[in-house]
Every structure is written in structure tokens, then in C-alpha cells.
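Q:
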Amino acid sequence: MNRFTEFELETHELKPIAGYWTYDLVSLEESLKGFLSKINELKRSIKEAKKHCTKSSPHNLTPDESAALFLYTMEAGDHSFYRILNQVLRKENRNEVIPWFSYLKLFDTALCKLPKGKGIIWRAVAGNVTSGYTANKTVTWWAVSSCSTSADVVKAFLKPDQEGTLFMIEAVAARDLAGYTMYPNEHEVILKFGTQLLVKNIGFQHGNLRLVHLVEINDDDDDDEDNNNSQQGLAAAMASVHVTPKSTKPTNNKPTHLNIPANAKWTQNGVAIAGGNGRGDATNQLNCPHGLCVGDDQTVVIADTHNHRIIQWKNCDTTSGQVVAGGNGEGSGLNQLNRPTHVLIDKETDSLIICDRGNLRVAQWSRRSGTTQGEILIHNIDCYGLAMDEQRYLYVSDTEKNEVRRYQLGEKNGALVAGGNGAGVGLNELDWPRYLFVDQQQNVYVSDWNNHRVMKWNKDAKESIVVAGGQGEGNAVTQLSYPNGLFVDMLGTLYVVDSWNHRVMRWTQRDKKQGTIIVGGNCKGEGANQFSGPIGLSFDRHGNLYVVDRDNNRVQRFSME
1 MNRFTEFELE THELKPIAGY WTYDLVSLEE SLKGFLSKIN ELKRSIKEAK KHCTKSSPHN
61 LTPDESAALF LYTMEAGDHS FYRILNQVLR KENRNEVIPW FSYLKLFDTA LCKLPKGKGI
121 IWRAVAGNVT SGYTANKTVT WWAVSSCSTS ADVVKAFLKP DQEGTLFMIE AVAARDLAGY
181 TMYPNEHEVI LKFGTQLLVK NIGFQHGNLR LVHLVEINDD DDDDEDNNNS QQGLAAAMAS
241 VHVTPKSTKP TNNKPTHLNI PANAKWTQNG VAIAGGNGRG DATNQLNCPH GLCVGDDQTV
301 VIADTHNHRI IQWKNCDTTS GQVVAGGNGE GSGLNQLNRP THVLIDKETD SLIICDRGNL
361 RVAQWSRRSG TTQGEILIHN IDCYGLAMDE QRYLYVSDTE KNEVRRYQLG EKNGALVAGG
421 NGAGVGLNEL DWPRYLFVDQ QQNVYVSDWN NHRVMKWNKD AKESIVVAGG QGEGNAVTQL
481 SYPNGLFVDM LGTLYVVDSW NHRVMRWTQR DKKQGTIIVG GNCKGEGANQ FSGPIGLSFD
541 RHGNLYVVDR DNNRVQRFSM E
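Counting in full-length UniProt numbering, the sequence shown runs from 1 upward without gaps.
Below you can see the structure in the form of C-alpha cells.
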């Protein structure tokens, strides 16, 4: 057992822990002096924590405040400090918590100085504890809860064949321990003692794991950014969770993050929600469409490639679309596009970022009404696919250089994150990289088109991992044939358009050797259950699947059953 799996089913109601905030701030040694003879090696642990916290804190924590956090993260088996602390925080007799008030004051003051943010965080515990959770009910976690922004981190502490419960938590006020932990690679965030959570969904199964979806209930009083001495009382005590590590500025530009059950199914007959009226340039038609994205309101934005335009379809109107970029003929003017292959929505600026492939550039167009031209972000790039991470870094694939680069918006050169070693089949090579997906840890997934595989490049890695295909071109479930659009859910399950096999496949983390067909695979055709050269893929926030059926000049929606 460690911090991420230390858990008790807390179904009983306790009194809130109140009053510690009135205590004076003291040194870490002074705050725990009553426990030095009672907790094994505590004096030595305090000394070790303070030794690691001598540098100046970027968040203006004192050395004692930094060490109070560091001490909490230190592992010592059954004698771990956090385990003893949490046992006390769960006691029904609240008087037993009072001797800890000096430390809680120091600990809470440190947390309140850390930047707040929003994001999905994870916690895993051994055993199936879903019986203790009921949808739409509120639960309280009375102890300090260690979580991670990486599902892989918390799952790693469970045995592979062990039944467990995975908590996916939508946090609203993150406290990131980066820089204040003994284990920086664990991306740890803190849910404060007394955190209240709303149960959204229960019981989805992913391998041996049961999933519980929770939403942290915000404390509306905890909005004062000027609190540097933890005088906000109980409001400060409810501060909780996190944004992706190394980001201190929250953004509303989060890509769609979904948790899709591993056994989810979709209707096999798609519904045309865009196009489907033959090839043409009318607003109810498409001409060789490629990439797409789906907005929060289920507006579908499509790269209508051979019409040299970006067109969007509102959820309430499937009869015709609206041209929102280009549409002025093929050309290189700022009011024109040339065979665009992908588009994404930048929520931060309410704009579209477009892979203007025929013009060898990436362009940005405002979504505001009346926009007649865009601006150029990146020149001279044989771009094909785009992705954006939570920090608003832009990722672009280059089919000429067989590489993927990451750009800060406004930057012209970018940093190499995948490939760049010429065309080839090596793990450090790509051959005609097309579509991309970037997860919360900034790992990059690439559809390696000519190699009939999907590659995962972990952040800062020099080589990649094959996560789908890689067994040569073919139509077996172990193979792909010219893969294109990608999506990866919160559990690492990959969805990929297998273009020349006219199907969409799912590849799970548990079984990377072969995938399963989720829609299509019924030969090339025009039927509702068929595709002809599918290429783009996306999901809406409800888990409905959207596929660009290129040669049928339509976008099909497959509803989750």
C-alpha cells in the first residue's frame, strides 16, 4: 500500500475538522514535537524533508511549509507519516485530531500558496468498493487523498491480476505537489481532508478495474487569490486538486477528455449529419472531406478539402452547413485555403487552427461573425495533422520531413517531438505521418501512414512504441491498412480509422497485439454500416462517434448504445 492506494470506505458521517487555522505558524519540528517519541524515525524524517527543501520556493513557501508537504509524501511502509495522519483524520472522536492542529495549520498554509487549477485526476484502490457509492449522491473523503494526473501512475500500484477500483475525479481547485514531493515522476496532487465529491457514474469496467466517476464540489468561498497566510478558515481547508504538472496557468482550452468503457458499443448504422448529398460545393455537400473536430455544443467543424474551405454543421441542422473559413476558391490569399486537411478549435481565442496543406502553412481564423480572412501561424511546412495540448502547445505533422513538431503559438520553428530521422520503419522513424493525438502527459500518438501502424512517443523520448498495427499491411485484426484519424481516451484506449480496410478499430492498453472493429468493416460501400475510404475521427462529450467518410462525401455519426 502507498499514498495513492491508502483508502478506507468512508460511509459514515463525521464532524468537520475546524479550529486549526487559529493556531500560530511554527516550525515543522515544533508542530510535531508531541509525536517525536511516538512515531518511528519521525525526527530523522523531518530532518530529511528539510534537507530537500532548502531552495527558494517559486510559490513563496517557507522552508518549513515546503518540508511539511515533502514529509507527507515520504514512504516508510506501515510507519509512513501520511498513513498515521490519515488514521487520525478518520477517527470519530474529533478530540484526537487536536494534537495535530499545529501541523495541519502548517500543511494547509503551504497548500493554499500553491496555484489552483482544474483537471482530471486519478486514484486507485485494491478491491471493488463501488458498493459504497451511489449515483448523484455526495460523499466526503475525510483524510488527505493522494491522486495523480496520470492514470498509469496509480494503476501501477495495483497487481496486474488484482481486482481494483479506479476513481476518475473532475477536480476544480488543484494543488500540485510538483517540487514538493519525494517522487516527482508520480505527478501527485492533493485532495484536502474533508473534500466533498458528487458521484456521477459507477461501475464501468476496464479489465480488472471498476471505474467510479466523481466531481469535486467547489467551495465558492475559496476564491481569494490574495490569501497568503491561510486565514480563510474552513474555505481554505477545502482546497483540492490540479492541472497538468508544470502548468501554473489554468486554461479552458482542454481537448476533449473522455472515459469510454472498454466494452462500449455503438450503433452499427451511422447517420449522415453532414453531406451525403453527392460530391459538390453547395452548402449541403462536401468534396473529399478529411479531418474534423466536434465542439462542446456538438457543432461539427470539417476540413472540406477539395472545396478549399472549412465548413461547420450545427447540431440542430443537418440539412446544410456554414462556411467559416476559405470558400473563395483555391489560392494562397489570406482569404483562401488550398486543400485543408485538418482543423481544430482553440477555445482560448475562439478561433480555428487549420492545416492549409496545399499552401504549406498553418493558418488561424477567428470564429467571430464577419471574419473574412485568417492569419498565418507557420510557414513552409508540409503539414497534414494537428493537435493541441492543455498548455496550448500546437503539434503539427510534416509528411515531407517525416516528423512532428511542437510549437508555442507565435513560434516559427518549433521543437521536434517525433521522428525527424528520415522515412523508415525504425522506432525512431516515421513514414508519412498524418494525424495526431496528444494526451494529458504530452505523449504524442501518430498515425504512421505508410508503415501501417500507430506510434506513441512518450514525452522527450528518442524512440516510440507501437500501440496498434505494425504487422504489415492487411485486414487481420492485428493489422492496419493506411491508418488515419486518432483518438485516445482517459484510460489509454486507442481509436483509429483503418482507412483502406474501411473500418474503425479500438486497441486497448491491455491487448496491444490486436484490435477490435467497432464500426464498419463491411467492405467498401455506401450503406449506413459501410465506409468508402474513411479518414477523420472524433467523439463528442457524450461518447458518440463521428467519422469522415471521405469518398462518400459525408460525415457519419454513430451513437453510443
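Glycine included, each C-beta is placed from N, C-alpha and C at the ideal position. None of these values were measured; they are calculated from a predicted model.
State the DSSP-derived secondary structure class of glutamine 364, mapped to helix, strand or coil.
A: Strand at glutamine 364.
Q: Is the segment 176-190 touching the segment 55-72 in the sense that three or more CB pairs, one from each, lie closer than 8 Å?
A: Result yes; three or more Cβ-Cβ pairs closer than 8 Å.
Q: Measure the alpha-carbon distance for alanine 236 versus leucine 25 and round it to whole angstroms.
A: With a pLDDT of only 28 at alanine 236, under the threshold of 50, the placement of this residue in the model should not be trusted, and no figure is reported.
Q: Three or more C-beta pairs under 8 Å: does that hold for the segment 103-118 against the segment 159-178?
A: With a cut-off of 8 Å, the segment 159-178 and the segment 103-118 count as touching, because enough Cβ pairs lie within range.
Q: Evaluate the contact criterion for the segment 181-201 versus the segment 145-164: three or more CB pairs, one atom per stretch, below 8 Å.
A: In short, these stretches touch, since the Cβ pair count reaches three.
Q: Tell me, to the nearest whole angstrom, how far the beta carbon of asparagine 484 is from that of glycine 536; I am working on the premise that it is less than 8 Å.
A: So it is a contact: roughly 7 Å between Cβ atoms.
Q: Under a Cβ-count criterion, where at least 16 other Cβ atoms within 10 Å of its own Cβ denotes burial, should asparagine 552 be classed as buried or exposed?
A: Classification for asparagine 552: buried.
Q: Determine the direct distance from the alpha carbon of leucine 71 to that of asparagine 2, and round the result to whole angstroms.
A: Answer to the nearest angstrom: the Cα atoms are 14 Å apart.
Q: State yes or no: is the beta carbon of arginine 541 nearer than 8 Å to at least one beta carbon in chain D?
A: You won't find chain D in this structure, because it holds only one protein chain.
Q: Can you name the start and end residues of the beta strand (DSSP E) that lysine 456 belongs to?
A: Note, lysine 456: beta strand (DSSP E), 453-457.
Q: Using three-state DSSP, classify leucine 416 as helix, strand or coil.
A: Here leucine 416 sits in strand by DSSP.
Q: So which of Ser351, Thr319, Asn185, Glu403 has the shortest CA-CA distance to alanine 325?
A: Residue Ser351 is the option with its Cα nearest to alanine 325.
Q: From the DSSP output, which residues share a beta bridge with serine 397?
A: Serine 397 pairs with Val404.
Q: Please specify which runs of the alpha helix (DSSP H), each continuous and at least 4 residues long, are wholly inside the segment 77-107, giving them in chain order.
A: Listed in chain order, they are 81-89.
Q: Residue ranges of each beta strand (DSSP E) run of no fewer than 3 residues wholly in the segment 273-327, ordered along the chain?
A: Those beta strand (DSSP E) runs which fall completely within the segment 273-327 and span 3+ residues are 292-294, 300-304, 309-313, 322-326.
Q: Could you pull the start and end residues of the beta strand (DSSP E) that glutamate 188 belongs to?
A: Looking at the DSSP string, the run of the beta strand (DSSP E) that includes glutamate 188 is 188-191.
Q: With DSSP run on the structure shown, which of helix, strand or coil describes asparagine 553?
A: DSSP places asparagine 553 in coil when its eight states are reduced to three.
Q: Tell me whether the beta-carbon of methionine 505 lies closer than 8 Å to the beta-carbon of aspartate 498.
A: Taking 8 Å as the Cβ cut-off, methionine 505 and aspartate 498 qualify as a contacting pair.
Q: From asparagine 208 to serine 56, what does the alpha carbon distance come to, in whole angstroms?
A: Computed Cα separation, rounded: 44 Å.
Q: How would you write the range of the beta strand (DSSP E) that proline 534 sits in, first residue to last?
A: Element bounds for proline 534: 534-539.
Q: Three-state secondary structure (DSSP) at lysine 462?
A: Lysine 462 falls in the coil class under three-state DSSP.
Q: From glycine 275 to tyrosine 393, what does the alpha carbon distance come to, in whole angstroms?
A: Glycine 275 and tyrosine 393: Cα-Cα distance of roughly 32 Å.
Q: Of the choices Arg550, Phe558, Phe531, whose alpha-carbon is the least far from that of asparagine 544?
A: With distances taken between Cα atoms, asparagine 544 lies closest to Phe558.
Q: Which residues bound the beta strand (DSSP E) around threonine 508?
A: Counting along the chain, threonine 508 falls outside any beta strand (DSSP E), and DSSP gives it neither H nor E.
Q: So, under 8 Å CB-CB, isoleucine 444 and tryptophan 432 are touching, yes? Tell me the CB distance rounded to an integer number of Å.
A: The sequence given here has valine at residue 444, not isoleucine. That belief does not hold up - the Cβ atoms of valine 444 and tryptophan 432 are roughly 16 Å apart, past 8 Å.
Q: Could you check what DSSP says for leucine 344 in three-state terms: helix, strand or coil?
A: If DSSP states are grouped into helix, strand and coil, leucine 344 belongs with the strands.
Q: Can you tell me which residues form a DSSP beta bridge with proline 433?
A: Asp448.
Q: Following the continuous beta strand (DSSP E) through alanine 124, name the residue where it begins and the one where it ends.
A: Taken as a continuous stretch (DSSP letters only), the beta strand (DSSP E) holding alanine 124 covers 119-126.
Q: Decide if cysteine 523 is buried, meaning its Cβ has at least 16 other Cβ atoms within 10 Å, or exposed.
A: When all chains shown are included, cysteine 523 counts as exposed.
Q: Opposite cysteine 355 in the DSSP bridges: which residues?
A: In DSSP, cysteine 355 forms a bridge with His342, Val362.
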